[in-house]
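There are 2 protein chains.
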Amino acid sequence: MVCKPFRQYYRIAKRTVNLIQTKFINLLPSILRPNSLKSFVWHRYHFKFGIAEEESKIKKPTIHDVAEKAKVTPSTVSRVMNGSTLVKPKTRERVLDAVQSLGYVPNKTARMFKSGKSGILGLVVSAQHISELIYNAGFQALFKALAEKAHAEGYNILIITSANADSESFFDVIKNQAADGFIILSPSGSDTLASKLDEAGIPYVFNMRYSNNPEDIYYASYDDVEAGYVAAKYLLDLNHTDIRFIVGSIKGQVISFNSERMNGVMKAFDEYGIPFHEELIIRIPGQMDESYAGIHQLLQTQKPSALLISNEITTVAALNYFYDYGYRIPQDISVIGFGPAEFYRKLRPNLTSVSFDIAWSSGKIVDMLLQRIEGVPVIPEPPKKPELIIRESTARKG
Amino acid sequence: MVCKPFRQYYRIAKRTVNLIQTKFINLLPSILRPNSLKSFVWHRYHFKFGIAEEESKIKKPTIHDVAEKAKVTPSTVSRVMNGSTLVKPKTRERVLDAVQSLGYVPNKTARMFKSGKSGILGLVVSAQHISELIYNAGFQALFKALAEKAHAEGYNILIITSANADSESFFDVIKNQAADGFIILSPSGSDTLASKLDEAGIPYVFNMRYSNNPEDIYYASYDDVEAGYVAAKYLLDLNHTDIRFIVGSIKGQVISFNSERMNGVMKAFDEYGIPFHEELIIRIPGQMDESYAGIHQLLQTQKPSALLISNEITTVAALNYFYDYGYRIPQDISVIGFGPAEFYRKLRPNLTSVSFDIAWSSGKIVDMLLQRIEGVPVIPEPPKKPELIIRESTARKG
DNA sequence: CTGTTAGCGCATTCAC
DNA sequence: GTGAATGCGCTAACAG
Numbered sequence: 001m002v003c004k005p006f007r008q009y010y011r012i013a014k015r016t017v018n019l020i021q022t023k024f025i026n027l028l029p030s031i032l033r034p035n036s037l038k039s040f041v042w043h044r045y046h047f048k049f050g051i052a053e054e055e056s057k058i059k060k061p062t063i064h065d066v067a068e069k070a071k072v073t074p075s076t077v078s079r080v081m082n083g084s085t086l087v088k089p090k091t092r093e094r095v096l097d098a099v100q101s102l103g104y105v106p107n108k109t110a111r112m113f114k115s116g117k118s119g120i121l122g123l124v125v126s127a128q129h130i131s132e133l134i135y136n137a138g139f140q141a142l143f144k145a146l147a148e149k150a151h152a153e154g155y156n157i158l159i160i161t162s163a164n165a166d167s168e169s170f171f172d173v174i175k176n177q178a179a180d181g182f183i184i185l186s187p188s189g190s191d192t193l194a195s196k197l198d199e200a201g202i203p204y205v206f207n208m209r210y211s212n213n214p215e216d217i218y219y220a221s222y223d224d225v226e227a228g229y230v231a232a233k234y235l236l237d238l239n240h241t242d243i244r245f246i247v248g249s250i251k252g253q254v255i256s257f258n259s260e261r262m263n264g265v266m267k268a269f270d271e272y273g274i275p276f277h278e279e280l281i282i283r284i285p286g287q288m289d290e291s292y293a294g295i296h297q298l299l300q301t302q303k304p305s306a307l308l309i310s311n312e313i314t315t316v317a318a319l320n321y322f323y324d325y326g327y328r329i330p331q332d333i334s335v336i337g338f339g340p341a342e343f344y345r346k347l348r349p350n351l352t353s354v355s356f357d358i359a360w361s362s363g364k365i366v367d368m369l370l371q372r373i374e375g376v377p378v379i380p381e382p383p384k385k386p387e388l389i390i391r392e393s394t395a396r397k398g
Numbered sequence: 001m002v003c004k005p006f007r008q009y010y011r012i013a014k015r016t017v018n019l020i021q022t023k024f025i026n027l028l029p030s031i032l033r034p035n036s037l038k039s040f041v042w043h044r045y046h047f048k049f050g051i052a053e054e055e056s057k058i059k060k061p062t063i064h065d066v067a068e069k070a071k072v073t074p075s076t077v078s079r080v081m082n083g084s085t086l087v088k089p090k091t092r093e094r095v096l097d098a099v100q101s102l103g104y105v106p107n108k109t110a111r112m113f114k115s116g117k118s119g120i121l122g123l124v125v126s127a128q129h130i131s132e133l134i135y136n137a138g139f140q141a142l143f144k145a146l147a148e149k150a151h152a153e154g155y156n157i158l159i160i161t162s163a164n165a166d167s168e169s170f171f172d173v174i175k176n177q178a179a180d181g182f183i184i185l186s187p188s189g190s191d192t193l194a195s196k197l198d199e200a201g202i203p204y205v206f207n208m209r210y211s212n213n214p215e216d217i218y219y220a221s222y223d224d225v226e227a228g229y230v231a232a233k234y235l236l237d238l239n240h241t242d243i244r245f246i247v248g249s250i251k252g253q254v255i256s257f258n259s260e261r262m263n264g265v266m267k268a269f270d271e272y273g274i275p276f277h278e279e280l281i282i283r284i285p286g287q288m289d290e291s292y293a294g295i296h297q298l299l300q301t302q303k304p305s306a307l308l309i310s311n312e313i314t315t316v317a318a319l320n321y322f323y324d325y326g327y328r329i330p331q332d333i334s335v336i337g338f339g340p341a342e343f344y345r346k347l348r349p350n351l352t353s354v355s356f357d358i359a360w361s362s363g364k365i366v367d368m369l370l371q372r373i374e375g376v377p378v379i380p381e382p383p384k385k386p387e388l389i390i391r392e393s394t395a396r397k398g
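Sequence lines, in order, name chains A and B. Residues in the first sequence are numbered consecutively from 1, following the UniProt record's numbering. Residues in the second sequence are numbered consecutively from 1, following the UniProt record's numbering.
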């Protein structure tokens, strides 16, 4: 009531500035193409009107500009823009005309601000990790499922890269992003991150178990013990006892799901009464060239009859090595991979694999996240069972 | 001045509501785990105070809450949060304490709103397209480069999926997103989209030429004519005259860069005085199974001595087919692929390829976009030349 | 059906 | 060095 006239003066002043700028453009030599000109920065042309200093860019029209042009109030424009039915057709038309002629586009940020929703799901991953992940079939399946699911639910995915992979950095970037919730791709467990997020009231889910706390339920997990078990058991059934379990490693550390798969493998060996030594577990980095070198080194010195490979890229590297060195699959060596079934089906030879339904679990993750965002209590998801898909890379020994 | 007291009353009322809610939580049976409780929705507990109806969620602390707790004003809190040096150390500490105990996190949306910057680059792509793209080596290289570059520049990437691929839908989703600029992955040219965006003053770039208008410069292009030319010339030099050029097709339409590659191929044939028939161009869909079937169909009826394959996935499908049907490469048939060098190097056999430096061009795209965002005139990028990388999939005929 | 009012959370003036 | 006041653009609530 008291602020009102002041506000209006301000608007008028601003419009005037706009007008001057616009006119001024037309006086400029036409060397600069219109496109780049439109966003030309007016660093040196600050206008002062005693009321407010004008921003240095040409302003986009706001709802007020439209309102004025259409001779209505901003509320009405808002109603039109949001498809309210309570607007007289004639008025609506006038507004629409004004929108058209001014090229008005509602400011999405302001809307987000008002509504408190961004329609964005953040996918948090460390900068270096994302560059490797993109070549990984498991990530591709995850990404595809995430993108599809998010789109179906009316959300978009924001790839949030953190410079480092520790809880601290993750939390820093997360709290600085305007997403409604976050999907965290963390290679290692991070219960401290989880509790920080809880404290800040930020909805999140992880793509795998993120701590040993049984209270933490915000992830969709796989039964990796079972995965290792069925793979090893199948090989043992085919009389392979001299096998190697090849796992990726990050700075010498074995990722949690790999230790579970290892446990599964051991369980199978136990059942068959065959001793399983630590040396049967081979750590090989997950990048193509390093993997190739690792496989080479392994097979130079040892002659296992079967390989369990816990990483898609290493698996491809192994197949390349076999191709280059004339190994026949499965006659010379049997191979089982872990990962998306479609991926292993596309390889030559078709690989026997232990596969999880990533599309399903990714969908579940998004479901959980949306539930958290909406404040609905989340129902924990029981671990997903793997499926052993037998193709042509495994054969009975001898 | 006049609004002030009113505002304060409002805040006090709101805080009271918050307090009640918080206390109320503690009275609840502890069946619900604390985590899910934190975001519990109070749909049925609307409090009215005559001033404003309280939102249905427990509110996060705002700058005002912190200010009050620290016995300062919001301005000071703001100064502390933004690292202003003009704050007395003692005061700063008090504020930081309050921030800590309240678990205050500045509202990013409000900041975006105020500053007008989101730190987000939108990657716009149709929903169906993204699901296919993720398996495509070219996209993976683009994505990796984009993610790295954006991260280096302090931006994050928002994957914006449009239900459809037409200009209309693209514009709709774009204008509804709060990104500072947009990278548009459009399979077809879309000058109407470009002009709409220009009109709305939204910064954008395309990943390829998007219209026939020479004024449109917002993309990093490749010299695809040259790509087709060097590939064909190399094969002709090896005495291959019975070649096929395999291109992907979207609803029967050939993508623009493919027609340029075709032109390059024809150019080479012309130079060698060899007639080139339309029938030598084979349209095969870009998905794995369809590609495989297409290759099968082709080779059932024709016996070309060399293949130029314009699509990575189709190339893999072809190699799979050759594996399955006992074709030897390059003895039985020569193959040249188009796409990222790393990808073809990882295949077996190593494929001769015509490669572009996608990392470079993706970086350029981001550079251009950032320039547009900052209003700096954009310097057009000359088309990138391809490189023919000769590996083991091509041999002299006979 | 349309106008009026006020505030979302923050940061930025301008006073003191 | 700190407080007071106010707007960013939009929309919800309310009044008429």
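Every residue gets a Cβ at the ideal spot worked out from N, C-alpha and C, and that includes glycine. Model, not experiment: these values are computed from the prediction.
Span of the beta strand (DSSP E) holding residue i?
i, result
"Thr352 (chain B)", "352-355"
"Ile281 (chain A)", "281-283"
DSSP three-state call for residue i: helix, strand or coil?
i, result
"Val247 (chain B)", "strand"
"residue 402 (chain A)", "Outside the displayed range of chain A (1 to 398) lies residue 402 (chain A), so it cannot be described from this structure."
"Gly122 (chain A)", "strand"
"Leu388 (chain B)", "strand"
"Leu185 (chain B)", "coil"
"Gln177 (chain A)", "coil"
"Gln253 (chain A)", "strand"
"Arg372 (chain A)", "helix"
"Tyr219 (chain B)", "strand"
"Asn320 (chain B)", "helix"
"Ile51 (chain B)", "Annotation note: pLDDT 23 at Ile51 (chain B) (below 50); position unreliable, coordinate value reported separately. It is coil, neither helix nor strand."
"Val66 (chain A)", "helix"
"Phe77 (chain A)", "According to the sequence provided, residue 77 (chain A) is Val. The question's Phe does not apply to it. In this structure, Val77 (chain A) counts as helix in the three-state DSSP scheme."
Thinking C-beta only, is residue j closer than 9 Å to residue i?
i, j, result
"Leu280 (chain B)", "Phe245 (chain B)", "yes"
"Tyr218 (chain A)", "Met368 (chain A)", "yes"
"Met288 (chain B)", "Phe276 (chain B)", "no"
"Asp224 (chain B)", "Gly264 (chain B)", "yes"
"Ala70 (chain A)", "Ser118 (chain A)", "no"
"Asn320 (chain B)", "Arg348 (chain A)", "yes"
"Ala220 (chain B)", "Asn207 (chain B)", "yes"
"Glu226 (chain B)", "Pro386 (chain B)", "yes"
"Thr352 (chain B)", "Glu381 (chain B)", "no"
"Val205 (chain A)", "Ile365 (chain A)", "yes"
"Gly74 (chain A)", "Tyr104 (chain A)", "Sequence inspection shows Pro at residue 74 (chain A); the Gly mentioned does not correspond to that position. No, the Cβ-Cβ distance between Pro74 (chain A) and Tyr104 (chain A) is not below 9 Å."
"Asn239 (chain B)", "Gly375 (chain B)", "no"
What are the partner residues of residue i, as DSSP defines its beta bridges?
i, result
"residue 428 (chain A)", "What the structure shows of chain A is the stretch from 1 to 398, and residue 428 (chain A) is not part of that stretch, so it cannot be assessed."
"Ser162 (chain A)", "A:Ser126"
"Leu308 (chain B)", "B:Phe245, B:Ile336"
"Val205 (chain A)", "A:Ile183"
"Tyr234 (chain A)", "Answer by DSSP bridge pairing: none, since Tyr234 (chain A) is not bridged."
"Tyr135 (chain A)", "Partner(s): none; Tyr135 (chain A) has no beta bridge."
"Tyr210 (chain A)", "In the DSSP output, where bridge partners are listed per residue, Tyr210 (chain A) has none listed."
Which first and last residues belong to the alpha helix (DSSP H) in which residue i is found?
i, result
"Val95 (chain B)", "89-102"
"Gly154 (chain A)", "Note, Gly154 (chain A): premise wrong, no alpha helix (DSSP H); not H, not E."
"Glu381 (chain B)", "Element bounds for Glu381 (chain B): n/a, residue is neither H nor E."
"Pro61 (chain B)", "Segment: none, Pro61 (chain B) is in no alpha helix (DSSP H) and carries neither H nor E."
"Glu199 (chain B)", "191-200"
"Glu290 (chain B)", "288-301"
Quiz item: Taking one C-beta from the stretch 88-100 of chain B and one from the stretch 117-129 of chain B each time, how about it: are there three or more such pairs within less than 8 Å?
Solution: Segments in contact, no.
Quiz item: Are the stretch 326-341 of chain B and the stretch 130-141 of chain B in contact at 8 Å, needing three or more beta carbon pairs?
Solution: yes
Quiz item: Just checking, does the stretch 185-196 of chain A make contact with the stretch 165-172 of chain A on the three C-beta pairs under 8 Å criterion?
Solution: yes
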